[in-house]
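Quick notes on the structure that follows.
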Amino acid sequence: MIRRTLGLLTLLLVVGPAANAAETAAALIARVKPSVVLVGSYGLLDSPRFGFSGTGFVVSDGRHVITAAHVLPPLPPGRVDRRVAIQHWTAESGWVMRGASVKRTDGPRDLALLTIDGPALPAVKLAAKDVSEGSDIVLIGFPLGGALGFSHVSHRGMVAALTAIAPQAMNAQTLQPRALQQLRRGSFEVLQLDATAYPGNSGGPVFDLASGEVVGVVSMVLVKGTREAALSAPSGISYAIKASDAVALLAAEATE
């Protein structure tokens with residue numbers, strides 16, 4: 001009986017702290033901010049020289065960045081002075097620019113994989129399994145771009161649903177071109193978030209607060225009315241590509 005009681009106490013001592021080991025939102029944000037980067041272009045003849053397009057985040061060996069495919073900046077033919085670039089934050093130097101190359105894209109799932117010049121950066125972990133509905137999440141990015149100066153902005157919410165990328169519309173007028181393309185290619189499951197994202201958040205990571213891992217990549221925001229309404233009257237509904245699709249993109253690159 002005494003041994004059984006001691007064994008139960010030992011189990012409680014081991015399991016108890018583990019159950020409370022999840023990070024607070026503040027701790028999670030502080031830890032992952034160095035891994036969340038600006039994505040855009042660098043051009044010697046551009047003003048400003050860095051053109052912001054969206055958000056990305058460092059994964060794998062610290063020299064790979066995941067972002068949304070639609071975030072990739074246009075590179076007109078013949079403009080050899082312009083290339084894809086990222087900026088990452090350091091406490092010592094502020095924002096530091098790095099050149100980047102597009103290694104692989106998945107158009108239907110709106111994902112892109114970049115490699116960056118220079119030494120490795122702190123990386124975040126992609127979740128090995130899909131997140132559940134109702135899970136608490138934190139998304140981090142740059143929702144206003146450089147309008148107020150670049151700084152990491154975080155939003156907290158939950159996974160509202162696992163839904164198809166091209167939901168059935170009431171009529172043809174409500175289907176946007178991207179949705180029509182998805183219908184032709186076949187629908188797949190994405191995360192619907194009860195969280196507010198804005199232009200500039202695209203390509204940014206969605207973290208599961210319980211595990212601290214990336215469970216999604218911000219892709220789309222439901223906009224009511226005009227594009228400007230995304231800022232003045234946000235719908236509070238955003239969509240993210242599942243992390244498992246980003247894992248598949250990395251795996252495809254590794255096999256080449």
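Residue numbering for the sequence shown follows UniProt numbering, starting at 1 and increasing by one per position. We treat Cβ as the ideally placed atom computed from N, Cα and C, and that holds for glycine.
Three-state secondary structure assigned by DSSP to residue i
i: H70; result: helix
i: V80; result: coil
i: E253; result: helix
i: A248; result: helix
i: I86; result: strand
i: S41; result: strand
i: S35; result: helix
i: D110; result: coil
i: L193; result: strand
i: I116; result: strand
i: G94; result: strand
C-alpha gap between residue i and residue j, whole angstroms
i: L162; j: G216; result: 12 Å
i: M220; j: L44; result: 31 Å
i: V218; j: Y239; result: 6 Å
i: P77; j: D208; result: 40 Å
i: S135; j: A252; result: 28 Å
i: V214; j: H88; result: 18 Å
i: A248; j: S93; result: 34 Å
i: E133; j: A127; result: 15 Å
i: A123; j: R63; result: 8 Å
i: G204; j: P108; result: 17 Å
i: D46; j: L75; result: 12 Å
i: R79; j: A160; result: 43 Å
i: M97; j: R49; result: 11 Å
i: R82; j: P73; result: 10 Å
Close Cβ partners of residue i (< 6 Å) along its chain, the five nearest in sequence each way excluded
i: A100; result: V84, A85, I86, L114 and I116
i: S154; result: I29, V138 and I140
i: A91; result: none
Residues bridged to residue i (per DSSP)
i: I29; result: Answer is none; I29 lacks a bridge partner.
i: I137; result: G157 and D208
i: K242; result: G216
Sequence-distant residues of the same chain with beta carbon closer than 8 Å to residue i, five excluded per side
i: G200; result: F52, G54, T55, G141, F142, P143, L144 and G145
i: V65; result: V37, V39, G56, F57, V58, V59, I86, A100, L113, L114, T115 and I116
i: E23; result: R31, L209 and G212
i: D194; result: G157, M158, V159, A160, G236 and I237
N-terminal and C-terminal residue of the beta strand (DSSP E) that residue i is part of
i: I237; result: Segment: none, I237 is in no beta strand (DSSP E) and carries neither H nor E.
i: V124; result: No beta strand (DSSP E) contains V124, which DSSP labels as neither H nor E.
i: V58; result: F50 to V59
i: L144; result: Premise fails: L144 is in no beta strand (DSSP E) and is neither H nor E.
Neighbourhood of residue i by C-beta, 7 Å cutoff - its chain only, sequence neighbours within 5 removed
i: D130; result: K242 and S244
i: I165; result: Q182, S187, F188 and V190
i: T174; result: Unreliable placement is indicated for T174, whose pLDDT of 48 sits below 50; the coordinate value is still reported in the next sentence. So the list is empty, once near-sequence residues are dropped.
i: G225; result: Any reading at G225 must be qualified, since the residue scores a pLDDT of 39, below 50, and its modelled position is unreliable; the value itself is stated next. Cβ within range, chain order: n/a, list empty.
i: G118; result: R98
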